[in-house]
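Going letter by letter, the sequence shown gives residues 1 to 86 in UniProt numbering.
Every residue, glycine too, gets a C-beta built ideally from N, C-alpha and C.
Okay, structure first, notes after.
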Amino acid sequence: MINENTINALHSVFPELSRKQLEIVTLYAHGNTYESIADICNISVETVRSHLKRSTKALNLKSNDAMRAVILSRSYFFMISLMITN
């Protein structure tokens, strides 16, 4: 499970995603399998797939690989901007 403070911070970068979607796509972007995400979040694998599909659509992307790239790049630049401003 991802820290609530982290989810809140990332939600400002991804307002188009629910907090649950953001948790799932972040775990996915960091290389977790559907099965491990399901275990971590205490949901079914089908629910993981559903959240990923809806998240991809919400971000106007065509694939989970594209979503992974967007999640990682936006998160990275968000963290860098925090380091610069602090």
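| Check | Outcome |
| --- | --- |
| I think A29 touches R68, with their Cβ atoms under 8 Å apart; what is that distance to the nearest whole Å? | 5 Å |
| Just the Cα atoms here: how many angstroms apart are E46 and S55? | 14 Å |
| Could you tell me which uninterrupted alpha helix (DSSP H) segments, each at least 4 residues in length, are contained entirely in the UniProt domain "HTH luxR-type" (14-71), listed from first to last along the chain? | 19-29, 34-41 and 45-58 |
| Looking only at C-alpha atoms, which of E16, V13, K20 and P15 sits nearest to I2? | K20 |
| Going straight from the alpha carbon of L22 to that of S12, what length do you get? | 11 Å |
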